[in-house]
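*Asks:*
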Amino acid sequence: MKRFIAICKIELRLFTRDFFSFFFALVFPVLMLLLFGGIFGNTPIYEGADVTMMDICVPAYSVMVIGVTGLMSLPLTLSGYKEKKIYKRFDATPVGKKSIMLAQVLVNLIMTLIGILILLIIGKLLYHVQIKGTFISLCVSMSFSIAALFSMGFLFTAIGQDLKSTTLLCYLFYFVMLFLSGATMPDMLFPDTIKKISDCLPMTYAVDLMQGVFAGDSLGLHRTELLILGVLTVICTAVGAILYRRKDWT
Numbered sequence: 209m210k211r212f213i214a215i216c217k218i219e220l221r222l223f224t225r226d227f228f229s230f231f232f233a234l235v236f237p238v239l240m241l242l243l244f245g246g247i248f249g250n251t252p253i254y255e256g257a258d259v260t261m262m263d264i265c266v267p268a269y270s271v272m273v274i275g276v277t278g279l280m281s282l283p284l285t286l287s288g289y290k291e292k293k294i295y296k297r298f299d300a301t302p303v304g305k306k307s308i309m310l311a312q313v314l315v316n317l318i319m320t321l322i323g324i325l326i327l328l329i330i331g332k333l334l335y336h337v338q339i340k341g342t343f344i345s346l347c348v349s350m351s352f353s354i355a356a357l358f359s360m361g362f363l364f365t366a367i368g369q370d371l372k373s374t375t376l377l378c379y380l381f382y383f384v385m386l387f388l389s390g391a392t393m394p395d396m397l398f399p400d401t402i403k404k405i406s407d408c409l410p411m412t413y414a415v416d417l418m419q420g421v422f423a424g425d426s427l428g429l430h431r432t433e434l435l436i437l438g439v440l441t442v443i444c445t446a447v448g449a450i451l452y453r454r455k456d457w458t
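Basically our numbering = 1-based index in the sequence shown + 208.
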């Protein structure tokens, strides 16, 4: 256990030194919140509504944080370690490569929660963001969203033959989903054509789930989102595990 904790501390330190991961997970979502907060403020999403633009932006930006850690930071770090033969070195020690992989997942999970917490604090202090959902429903929605996007990142690492191909997959899927899922701009502003494309993207269902729960919806009203994210998690994890067994990770 002490070895694993030591590895986690090292990985956490490395995460904070990685400008891309640190900036886009902890800083960029806050900048987006301040930008759209300066534009819309506490304006209702429609006349007479008790939900403001910031009430739907904060949960959407929370999914943005999950996307950065799950689809960019985690898979690219794992792929880079593979290419540098770091796993081979760990396999020659009592620690083993599984420990460093689990440490990476844990570190990215911790940074995800920190990023979401920062958004919630700033949103509450500056824009009086309302969180009407229960603590349990919030935890469940975040867990499903994190599991789905992290499993996708795991699959990308398994598919990629090297760091370059994995980077291409991660960048392509992340930025397409980032801008077309409602994670950056509310999907109510999308034209019909873009909305149809958005409905095909996994991140869209994470955004819809988080926004619904923040607005006070029960989980029962979001069975479709939960089902899609759950099935995606199982499929990506299973396929990724199969591909890992077939590939030489040494």
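Just so you know, even glycine gets a beta-carbon here, dropped at the ideal spot from N, CA and C.
Fair warning: this is a prediction, and the values are worked out from it, not measured in the lab.
(1) Would ILE264 and GLN419 qualify as a contact pair, given that the criterion is a beta-carbon distance under 8 Å?
(2) In whole angstroms, give me the CA-to-CA distance for LEU333 and PHE236.
(3) Let's test the definition: count the other Cβ atoms within 10 Å of the Cβ of SER258 and tell me whether it reaches 16, buried, or not, exposed.
(4) Mind checking THR458: buried by the 16 CB within 10 Å criterion, or exposed?
(5) Under DSSP, the alpha helix (DSSP H) around GLN419 begins and ends at which residues?
(6) Based on the DSSP output, what are the partners of THR260 in its beta bridges?
(7) Within its chain, find whatever has a CB closer than 6 Å to the CB of GLY288; leave out the 5 residues flanking it on each side and keep chain order.
(8) With a threshold of 16 other CB atoms inside 10 Å of the CB of HIS430, please say whether the residue is buried or exposed.
(9) Quick check: PHE358 and LEU282, are their CB atoms within less than 8 Å of each other?
(10) Skipping 5 residues on each side, what residues in its chain have a beta carbon closer than 7 Å to that of GLY390?
(11) I need the straight-line Cα distance from GLN312 to ALA366, nearest angstrom please.
(12) Could you check the C-alpha separation between THR342 and GLY448 for me, to the nearest Å?
(13) Relative to the C-alpha of ILE436, which candidate in ARG454, LEU409, ARG453 has its C-alpha closest?
(14) Within a Cβ cutoff of 7 Å, which residues of the same chain sit near GLU219, ignoring the five residues on either side of it in sequence?
(15) Under 7 Å Cβ to Cβ from THR441, same chain only, skipping five residues before and after it: list those, please.
(16) Looking only at its chain, what residues have a beta carbon closer than 8 Å to the beta carbon of ILE308, apart from the 5 residues adjacent to it on each side?
(17) MET262 and GLY245 look like a contact to me (Cβ under 8 Å); what is the Cβ gap, rounded to whole Å?
(18) The alpha helix (DSSP H) with LYS306 in it runs from where to where?
(19) Buried or exposed for ILE450, please, with buried defined as at least 16 other CB atoms from any protein chain shown within 10 angstroms of its CB.
*Replies:* Taking the structure as given:
(1) Within the sequence shown, numbered from 1, the residue matching residue 264 stands at position 56. Within the sequence shown, numbered from 1, the residue matching residue 419 stands at position 211. Yes.
(2) As a working note, residue 333 is residue 125 in the sequence shown. As a working note, residue 236 is residue 28 in the sequence shown. Looking at the two C-alpha atoms, the distance is approximately 18 Å.
(3) Taking the sequence shown and counting its residues from 1, the one referred to as residue 258 is at position 50. Inspection of the sequence shows that residue 258 is occupied by Asp rather than by Ser. ASP258 is exposed by the Cβ-count criterion.
(4) Counting from one through the sequence shown, the residue named residue 458 turns up at place 250. With a pLDDT of 47 at THR458, under the threshold of 50, the predicted position of this residue should be treated as unreliable, though the coordinate-derived value follows. Burial call: exposed.
(5) The sequence position of residue 419 within the sequence shown is 211, counting from 1. Its alpha helix (DSSP H) spans residues 410-422.
(6) Residue numbering aside, residue 260 sits at position 52 when the sequence shown is read from its first letter. Answer is PRO252.
(7) Position 80 of the sequence shown, counting from 1, holds the residue named residue 288. Excluding positions up to five away in sequence, the list reads LEU371.
(8) Looking up residue 430 in the sequence shown gives position 222. Burial call: buried.
(9) Along the sequence shown, read from residue 1 onward, the residue named residue 358 stands at position 150. Along the sequence shown, read from residue 1 onward, the residue named residue 282 stands at position 74. Yes. Within cutoff.
(10) As a first step, residue 390 must be located in the sequence shown, where it is residue number 182. Correct list, in chain order: ALA268, SER406, THR412, VAL415.
(11) Position 104 of the sequence shown, counting from 1, holds the residue named residue 312. Position 158 of the sequence shown, counting from 1, holds the residue named residue 366. If I take the Cα positions, the gap works out to 15 Å.
(12) Position 134 of the sequence shown, counted from the first residue, corresponds to residue 342. Position 240 of the sequence shown, counted from the first residue, corresponds to residue 448. So the two alpha carbons sit approximately 33 Å from each other.
(13) Locating residue 436 in the sequence shown gives position 228, where the first residue counts as 1. Cα-wise, what sits closest to ILE436 is LEU409.
(14) By one-based count along the sequence shown, residue 219 stands at place 11. Closer than 7 Å at Cβ, skipping near neighbours: ALA311, GLN312, VAL315.
(15) By 1-based counting over the sequence shown, the position of residue 441 is 233. Same-chain partners within the cutoff: ALA355, ALA356, SER359.
(16) Taking the sequence shown and counting its residues from 1, the one referred to as residue 308 is at position 100. If we look at ILE308 and ignore the five residues flanking it on each side, its Cβ neighbours are ILE215, GLU219, TYR289, ILE294, TYR295, PHE298.
(17) Along the sequence shown, one-based indexing puts residue 262 at 54. Along the sequence shown, one-based indexing puts residue 245 at 37. With 8 Å as the limit, MET262 and GLY245 qualify as a contact, their Cβ atoms being about 6 Å apart.
(18) Taking the first residue of the sequence shown as position 1, residue 306 is located at position 98. Taken as a continuous stretch (DSSP letters only), the alpha helix (DSSP H) holding LYS306 covers 305-335.
(19) Looking up residue 450 in the sequence shown gives position 242. Its Cβ having fewer than 16 others within 10 Å, ILE450 is exposed.
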